[in-house]
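In short: position in the sequence shown from 1, add 830, done, that's our numbering. Even glycine gets a Cβ: it sits at the ideal position worked out from N, Cα and C. Remember, it's a predicted structure, so these values are computed and weren't measured experimentally. Read through the structure below, which is laid out as structure tokens, and then see the notes.
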Amino acid sequence: MPNDPMPNRRLALAGLLAGSIALAMPFPALALNDAEAKALIGKLVDDLNAIINSGRSEQAMFRDFEALFAKYGDVPIIARSSLGAAWRSASASQQSAYIAAFRTYMATKYGKRFREFIGGKIVVTGAKKVKSGYLVSSMAHLAGSAPFAVEWQVSDKSGQSKMFNIYIEGVSLLATERTEITAMLDQRKGNLDQLIRDLKSAG
């Protein structure tokens, strides 16, 4: 459709979802199956909708988004993937600092766009076993656009059932964030400490 902002809007939705997905109130990972994977994503979506429609201030919602990111997402895996090769050369303290900064960055970056999704909904439609765990299928319904597919990768390999990637019509959020983080690190001539400081105030 002419002047359709949807590709960018869909990417923002993926980020908002990821920013709401690992530490608080973990889901037990005993015998993860398709029903449990669907239930995890269903609860994530319910909690996200409650935040979006809460009427709270932006700063309060940013904190809520960050808390959901920690609750539902395998944050260390997501952060490590986003940093790519630079993760392997980082010290343990840098890795810990990066995970914390990345969590805040994601919640702030995508939380700023929450108003675009007020009144929308995501409907979980199924789940299937894949090599990496389970792939949960859903359809996103946003005002002014046709429904589109959202898929969630869920695994219990970390000892808890967590979501670690989202696909919006086949486009991986992890791959997109890795490209952006790599570019940001390049702009800082590989200075990871500077990137960490900047991520805390970016978004």
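The count of Cβ pairs closer than 8 Å, one atom from the region 906–916 and one from the region 1002–1022, reaches three, so the stretches are in contact. A straight-line Cα-Cα distance of about 30 Å links S967 and R886. DSSP, reduced to helix, strand and coil, places S988 outside both helices and strands of the structure shown, so it counts as coil.
Secondary structure at I882: helix, using DSSP grouped into helix, strand and coil. N863 is not bridged by DSSP to any residue.
Counting the other Cβ atoms within 10 Å of the Cβ of S919 gives fewer than 16, which makes it exposed.
Between the alpha carbons of N1021 and A909 lies a distance of about 17 Å. Between the C-alpha atoms of A931 and G941 there is a straight-line separation of about 15 Å.
Spatial neighbours of V1001 in its own chain (CB-CB distance under 7 Å, excluding positions within 5 residues in sequence) are not present. Judged by DSSP secondary structure, K951 falls within the beta strand (DSSP E) whose first and last residues are 951–960.
The beta-carbon separation of G903 and V954, rounded to 17 Å, does not stay under the 8 Å limit for a contact.
With a cutoff of 8 Å on beta-carbon distance, A927 and F899 are scored as not near each other. The count of Cβ pairs closer than 8 Å, one atom from the region 879–893 and one from the region 863–871, stays below three, leaving the stretches out of contact.
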